[in-house]
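Participant:
Residue numbers (the numbering used here): 3 to 1094.
(1) On the criterion of 16 or more Cβ atoms from any shown chain inside 10 Å, does residue 207 qualify as buried, or is it exposed?
(2) In this structure, how does DSSP classify residue 460 when only helix, strand and coil are distinguished?
(3) Are the beta-carbon atoms of residue 867 and residue 972 separated by less than 8 Å?
(4) Residue 198 bridges to which residues according to DSSP?
(5) Can you have a look at residue 445 and say buried or exposed, based on whether 16 or more other CB atoms are within 10 angstroms of its CB?
(6) I need the straight-line Cα distance from residue 1018 to residue 987, nearest angstrom please.
(7) Quick check on residue 991: buried or exposed, where buried means 16 or more other Cβ atoms within 10 Å of its Cβ?
(8) Quick one: give me the first and last residue of the alpha helix (DSSP H) that residue 155 is part of.
(9) Is DSSP giving residue 1066 helix, strand or coil here?
(10) Figure out for me which residue from 888, 542, 431, 921 has the closest Cα to the Cα of residue 1084.
(11) So residue 159 packs on residue 241, CB below 8 Å; how close in whole Å?
(12) Hey, out of 276, 993, 42, whose CA is closest to residue 1068's CA?
(13) So, using beta-carbon positions, are residue 246 and residue 302 closer together than 8 Å?
(14) Do you know whose CA, among 1058, 1063, 1072, 818, lies nearest residue 1052's CA?
(15) Report the rounded CA-to-CA distance for residue 816 versus residue 764, giving the unit in angstroms.
(16) What does a CB cutoff of less than 7 Å around residue 930 pick up in its chain, not counting 5 residues either side in sequence?
(17) So residue 664 is in the beta strand (DSSP E); what residue range does that whole segment cover?
(18) Measuring CA to CA, which of 106, 205, 560 is closest to residue 746?
(19) Rank 255, 1082, 306 by C-alpha distance to the C-alpha of residue 1027 and give the top, closest one.
(20) Note down the Cα distance separating residue 635 from residue 663, rounded to an integer number of angstroms.
(21) Helix, strand or coil for residue 44, going by three-state DSSP, please let me know.
(22) Check each candidate in 709, 60, 300 and name the one with the smallest Cα separation from residue 659.
(23) Since residue 875 is in the beta strand (DSSP E), which residue starts that stretch and which ends it?
(24) Got a sec, what are the start and stop residues for the alpha helix (DSSP H) residue 1 sits in?
(25) Where does the unbroken alpha helix (DSSP H) through residue 239 begin, and where does it stop?
(26) Within this structure, are the beta carbons of residue 154 and residue 80 separated by less than 8 Å?
(27) Here's the rule: buried if 16 or more other CB atoms are within 10 angstroms of the residue's CB, otherwise exposed. What is residue 1066?
(28) What's the C-alpha gap between residue 849 and residue 811?
(29) If you check the beta carbons only, do residue 403 and residue 292 fall under 8 Å apart?
(30) Can you give me the C-alpha to C-alpha distance between residue 234 and residue 260, rounded to a whole angstrom?
(31) CA-CA distance, residue 121 and residue 253?
(32) Rounded to a whole number of angstroms, what is the C-alpha to C-alpha distance between residue 1097 and residue 1025?
(33) Taking residue 304 and residue 481 to be in contact with their CB atoms under 8 Å, please state how far apart those CB atoms are, rounded to whole angstroms.
(34) Could you check the C-alpha separation between residue 840 and residue 803 for me, to the nearest Å?
(35) With 16 as the cutoff for other CB atoms within 10 Å, does residue 697 come out buried or exposed?
(36) Is DSSP giving residue 1112 helix, strand or coil here?
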């Protein structure tokens, strides 16, 4: 028998099984089952990496530090040349206390005055009225040096938004898109619109920003008015630069105010090519290159199919007719695609046939068919001469290389920076000259090339790989078949022979990134934190199993669908699941009501009944094959209609909703083990009626009732199911599965990327194992014996899944196919799918009972030390139930106020009354009361209220002092609790916050203090996910610490419990009542004393 490791890998769990198995003899033995649980590498709600908030906060601190340094450097420079007093002097405070907008206004007015007389009038106005300047700000007919310095210093304080130096980037379809700095965030979009409006207003009035804002009413806000950096630069050049003595000082001051660090990104964040992993970083193909644009265009074109009036692929003539137009356009509308086919159909005497065409991508919601933007631009520049240009391919290849070199420079070996605008312009001039000299093009053509804006981003494939793949795409092969098709192994070996070279290198244990450079680099290149976390935990489990049982003969692995998905993909999946659940709930209620109307008040809809109802609505109450009307009685009472598999289960192994419809019993028997076309396609008239009927069943829009286009395509497909389709369902070819397989294959000598010879590692599809687990009777080992469904409330179900995976050998798909064939044959006896060995159920129950679930313990002192909001201490206290609370205040935008804050917590009574009245006048909803950007004012004509001070009650021990003299913030969690026994025998504890643990580290003290000044004896420390052995009524069980509260309560849960159920015994009860002992559970569930 072979020693087999089976793994069920999810985003937060790894179930494993170690078995001996001989499929031929039908014998087997379970050595060990277990589960490893670890926290998700993303925030479970926001689906962003856990370190994103920390990195964002660090970036904000960095920005603040750089602003402070910039102001300090400018202040020192201006002081050096006599334009500001010494920092922190009385004169400094006097100058900085003046109104800078007033200085900027009068400087603009003086600059506008052309004659001595007009300047005298301006000076007279300066010394009169409310806008009077202080005496120190004037020297004769001009502003004093200190006044000039104060205004220039204010420019540095409010220099406004610049954005990237590369202000416009071309999109995939050739249109200009805004740079990433503007973003799609609502706040950024609002700021962008304000910038554009204000810049337009300044141009119309021909005023500087300072003068424009200074003219505002005293109660009007001057802050928060967005403009571009260029507006501030223009004011400096127009008004303030002439006040400085010479060009050298002007350049220094201008640089101190406006110089900005170049935007850069790191080369190692680009990853590596899937086909040629040694090609990474800048070896990847840029999306702005002709090669990438051609690849994307051909991928879409090769995926294009007709769905109406008949479902079929494009023939070669149709494909070439579209390609001839598409390759010189950035994109093509669907009307344009139909127009491109019109001449071909006229030649075929099929005039106006194109009017009725519908395409799969069009039905899928895509607005356009992508073309080649680079080719389109070059064709526009060179005109008719481009088709026969002698250097056409050379220009295509050189275009992106030269323009990218003009736009981006390097900073060291690992950084690429965006060049400043002036430098970029110079480099583009050099690029234009290169094209003139190298390819003998005209100056006009070179100027047009110089102006091109190319798409940004990178392909996940290297330029070398795409160059070898492109001929296949040009021949019409679909890109999905090239990278994931059944011929991938042979095609990859033929196309990339160097990648198949064996290294004869194998590891006794999976390599750790700590001591293996290659593994360290690979982990760093993974852009998906979930995959990186899962890979690390898998290594721990596998290496411990190898230490215990030796290296296996075979490894089988199944990965959850969520592993490897991006944030967007997971959000889309969650949205789809919620939508489907909502539809099921609605169907349940409709079915219950329909049953009552039909005289069946006791009818209780089962899961199958709900599915029937949804299929009934989907097909419009008509049989897709016969056209017969389906009513409630025929479907649910007399059962004249069946749930039918569009592609037979025996050939597709697909039992999902997307492969089901309703069908009359007689038609279902007639169809048997065939596809719809195989059964009805011989009769053209019947088949045409079916096609017309089914096409009318399509959902008219997203979310409406009706068949999806994918199901219609499957139902009307005239292609046969490939003979090896069933066998292929066993294998998982997704990104995460490939990563896991490649990692596990390192246990054996390298046999090339695809593993020549018999594979030692197999990625098994969850679709197959789900069927096998149910048919072998393993679903209800942990409960739900009535429904036969798998229980997910117990972590140990992952181990049962892993056992199924370990037993799923390649021949199992054929057995499953035969089972479904007999199951769907009404004349056959009730079939059985025999388990891998006779006693597997009994053996599994015993092995599951012995499992101790391993939980990853968090000991590291890392993470957010306290929350961001800073509160001010009011020194006011209140005692409630012997607990003393302190009152703190904080400021908050009124748009973000909750109802409780609005009614109870606003500090100022008058402000609270005004804001509440405003909200009441606008419907009573705080979130909607300020949507039109209008705000209440403090009194008639007073300032607008944008923020309010809130009163917050909290215990002082739960707050951390963060700013002197009275700044506090909420602690963000506890690191551990240390439990001691006093000399009197009583139990005492110290709860240590993450902030305190961090401070101990900085002081180089032990984080866990085993000695106290009162001589108390240290018993143990407990952190999140530590394991405890508790004894009560002579029964011992293992529990997991899930939370530590400041009052000493410890939230615990049973080690196998996957629900949110928690118990909260105190630290004293852990020792006295439960005789608690801290234990260590290794990654494969072996329990040892912790020896804390």
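All C-beta atoms, glycine included, are put in the ideal place defined by N, C-alpha and C.
Facilitator: Here's the rundown:
(1) By the 10 Å Cβ count, residue 207 comes out exposed.
(2) It is a strand residue.
(3) no
(4) Beta-bridge pairing links residue 198 to no other residue.
(5) exposed
(6) 9 Å
(7) buried
(8) 147-159
(9) coil
(10) 542
(11) 16 Å between Cβ atoms; not a contact.
(12) 993
(13) no
(14) Comparing Cα-Cα distances from residue 1052 to each of 1058, 1063, 1072, 818, the minimum goes to 1072.
(15) Those two C-alpha atoms are separated by around 17 Å.
(16) Within the same chain, residue 930 has close Cβ partners 924.
(17) 662-666
(18) With distances taken between Cα atoms, residue 746 lies closest to 560.
(19) 1082
(20) Spanning the two alpha carbons is a distance of roughly 18 Å.
(21) strand
(22) 709
(23) 873-882
(24) Residue 1 lies beyond the stretch modelled for the chain, which goes from 3 to 1094, so this question has no answer here.
(25) Premise fails: residue 239 is in no alpha helix (DSSP H) and is neither H nor E.
(26) yes
(27) exposed
(28) Near 21 Å, if we compare the C-alpha coordinates of residue 811 and residue 849.
(29) Not a contact, by the Cβ cut-off of 8 Å.
(30) One C-alpha to the other measures close to 9 Å.
(31) Roughly 28 Å between the two C-alpha positions.
(32) Coverage of the chain is limited to positions 3 through 1094, which leaves residue 1097 absent and any answer about it impossible.
(33) 7 Å
(34) 18 Å
(35) Residue 697 should be labelled buried.
(36) The requested residue 1112 does not occur in the structure, where the chain is confined to residues 3 to 1094.
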